[in-house]
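Structure, as structure tokens:
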Amino acid sequence: MSYFKKCINIIFVVSIIRQDMSVIYLLLTLSILVALIFFIAFIYSVKKGQYDDSYTPSVRMLFDDELIIKKQEKSTLD
265 MSYFKKCINI IFVVSIIRQD MSVIYLLLTL SILVALIFFI AFIYSVKKGQ
315 YDDSYTPSVR MLFDDELIIK KQEKSTLD
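Counting the sequence shown from 1 gives a position; my numbering is that position plus 264.
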């Protein structure tokens, strides 16, 4: 009888562990689905021009370019 109870306890513990592991599969599937939805939303917004910079080119002509002063290189022949 003792052996039978041990077997039942082992089977019960294994079934509980498997039930707990099923939550991992559910969460993994759910997280992949959410990531896929965000990725599709990102691709959609890029194709629609959401991230295009339309402001900078119009403002760029209002500001003068900064002058770049080049340093004269010293020659070893002088």
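We put the CB at the ideal spot given by N, CA and C, even for glycine.
By the three-class DSSP mapping on this structure, what secondary structure does Ile333 have? Here Ile333 carries a coil assignment [DSSP, helix/strand/coil].
Which of the three DSSP states is assigned to Leu372 in this structure? The shown model of the chain, from 265 to 342, leaves out residue 372, and the question about it has no answer.
Sub-8 Å separation of Tyr315 and Ser309 beta-carbons: Yes, they are a contact pair.
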